[in-house]
Amino acid sequence: AQTVTQSQPEMSVQEAETVTLSCTYDTSESDYYLFWYKQPPSRQMILVIRQEAYKQQNATENRFSVNFQKAAKSFSLKISDSQLGDAAMYFCAYRRDGSSNTGKLIFGQGTTLQVKP
Amino acid sequence: DAMVIQNPRYQVTQFGKPVTLSCSQTLNHNVMYWYQQKSSQAPKLLFHYYDKDFNNEADTPDNFQSRRPNTSFCFLDIRSPGLGDAAMYLCATSRGGLMNTEAFFGQGTRLTVV
Numbered sequence: 001a002q003t004v005t006q007s008q009p010e011m012s013v014q015e016a017e018t019v020t021l022s023c024t025y026d027t028s029e030s031d032y033y034l035f036w037y038k039q040p041p042s043r044q045m046i047l048v049i050r051q052e053a054y055k056q057q058n059a060t061e062n063r064f065s066v067n068f069q070k071a072a073k074s075f076s077l078k079i080s081d082s083q084l085g086d087a088a089m090y091f092c093a094y095r096r097d098g099s100s101n102t103g104k105l106i107f108g109q110g111t112t113l114q115v116k117p
Numbered sequence: 001d002a003m004v005i006q007n008p009r010y011q012v013t014q015f016g017k018p019v020t021l022s023c024s025q026t027l028n029h030n031v032m033y034w035y036q037q038k039s040s041q042a043p044k045l046l047f048h049y050y051d052k053d054f055n056n057e058a059d060t061p062d063n064f065q066s067r068r069p070n071t072s073f074c075f076l077d078i079r080s081p082g083l084g085d086a087a088m089y090l091c092a093t094s095r096g097g098l099m100n101t102e103a104f105f106g107q108g109t110r111l112t113v114v
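What follows is the structure, encoded as structure tokens:
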């Protein structure tokens, strides 16, 4: 069975600084997707960034980028130029790939990010 | 805008009194999911529908049921809510199969059991 682990329950960063959230996962499959989702307080969960396992290039979305290390099964999220609106709970998630894929997500425990003005 | 809508946002129910949460989507996605998220924890998948096919997770209690009368709507029924069922319930959708997109989430329904 696949598992996702986020070892940092809480992180804090100064506004405009950079922070990295860690995620490791375990799977025996070769094709899969990894995601970072953001869940602000009392608001819906939204996708921050996704990474296809077959791609060697790390995904980037504006101020958000990942460091995907497939052999090490590591998938960290870097937030540059942190903004107050980045404060939220961040979930790392895993999803299988392939024609039988139902899109089921396996989530890590989450990391609460505090951004200090 | 296409989206996933959950009603109500907040639901208070009495211990043991059946309750239904609803979810609708305008994305025309094949798959609809129900996740349970307890305070400051990871969402846990209860079950999902792939089109009309219902897929229950092995550890989902029998107390939880679901219905999907059409592509757009999906309901979560809790037959006899206990205090331990108080949680945020998240509905999500995605396309299935090879064209699977990322999951889109609703705002959630926060269930309180009194």
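Chains as they are written, first to last, in the numbering used here: chain P, 1 to 117; chain D, 1 to 114.
Ideal Cβ positions, reconstructed from N, Cα and C, are used throughout, including at glycine.
In this text the structure is predicted, and so the values were computed from the model without any measurement.
Alpha carbon to alpha carbon, how far is residue i from residue j?
i, j, result
"D/N30", "P/P117", "43 Å"
"D/D59", "D/L46", "8 Å"
"P/E119", "D/S80", "Absent from the structure is residue 119 of chain P, since the part of chain P shown begins at 1 and ends at 117."
"P/D26", "P/N58", "19 Å"
"P/K73", "D/V113", "40 Å"
"D/Y50", "D/C74", "11 Å"
"P/S12", "D/N70", "44 Å"
"P/S82", "P/A71", "29 Å"
"P/S80", "D/I5", "32 Å"
"D/L83", "P/T112", "26 Å"
"P/I46", "P/K38", "5 Å"
"P/F106", "D/N55", "According to the sequence provided, residue 106 of chain P is Ile. The question's Phe does not apply to it. Taking the straight line joining both Cα atoms gives about 15 Å."
"D/R95", "P/G103", "8 Å"
"P/I49", "D/T20", "33 Å"
"D/L116", "D/A42", "There is simply no residue 116 of chain D to check, as chain D begins at 1 and stops at 114 in what is shown."
"P/R43", "P/Q69", "31 Å"
"D/T13", "D/S40", "22 Å"
"P/K78", "D/K52", "39 Å"
"D/N63", "D/R9", "21 Å"
"P/R96", "P/Q2", "9 Å"
Tell me where the beta strand (DSSP E) around residue i begins and ends.
i, result
"P/C92", "88–96"
"D/N56", "53–56"
"P/N67", "64–69"
"D/F75", "73–78"
"D/Y49", "44–50"
"D/N7", "4–7"
"P/D26", "24–26"
So the candidates are the options; which of them puts its Cα closest to the Cα of residue i?
i, options, result
"D/G108", "D/C23, D/M32, D/L83", "D/C23"
"D/E102", "D/D62, D/Y33, D/Y89, D/P61", "D/Y33"
"P/F64", "P/Q114, P/T112, P/A1, P/V19", "P/V19"
"D/K38", "D/M88, D/R68, D/M3", "D/M88"
"P/P41", "P/F68, P/G108, P/G85, P/I106", "P/G85"
"P/S76", "P/G108, P/Q2, P/D97", "P/G108"
"D/L76", "D/F104, D/P18, D/N28", "D/P18"
"D/S104", "P/Q2, P/Q69, P/F35", "Residue 104 of chain D is actually Phe in this sequence, not Ser. Nearest of P/Q2, P/Q69, P/F35 to D/F104, Cα basis: P/F35."
"D/A92", "D/I78, D/L27, D/F15", "D/L27"
"D/G106", "D/Q11, D/Q25, D/K52", "D/Q25"
"P/E17", "P/G110, P/A87, P/R96, P/C23", "P/A87"
Could you list which residues in chain D have their beta carbon closer than 7 Å to that of residue i, in chain order?
i, result
"P/Q44", "F105, G106, Q107, G108"
"P/F107", "A42, P43"
"P/F35", "E102"
"P/L77", "Those within 7 Å of P/L77 in chain D number zero; the least Cβ separation is about 15 Å."
Residues of chain D with CB closer than 8 Å to the CB of residue i, please, in chain order.
i, result
"P/R50", "E102"
"P/L21", "Result: empty, since nearest Cβ-Cβ is about 14 Å, beyond 8 Å."
Could you name the residues of chain D that residue i contacts, counting a contact when the two beta carbons are closer than 9 Å?
i, result
"P/F91", "A42, P43"
"P/L113", "Per Cβ cutoff of 9 Å: no residues; P/L113 is ~13 Å from chain D at best."
Since residue i meets chain P, which of its residues come closer than 7 Å, beta carbon to beta carbon?
i, result
"D/Y94", "The sequence given here has Ser at residue 94 of chain D, not Tyr. Near D/S94 (Cβ distances below 7 Å), the residues of chain P are G103."
Are at least three pairs of beta-carbons, each pair with one atom in the stretch 42–54 of chain P and one in the stretch 25–32 of chain P, less than 8 Å apart?
yes
Specify whether the stretch 2–14 of chain P and the stretch 82–95 of chain P touch according to this definition: at least 3 beta carbon pairs, one from each stretch, less than 8 Å apart.
yes
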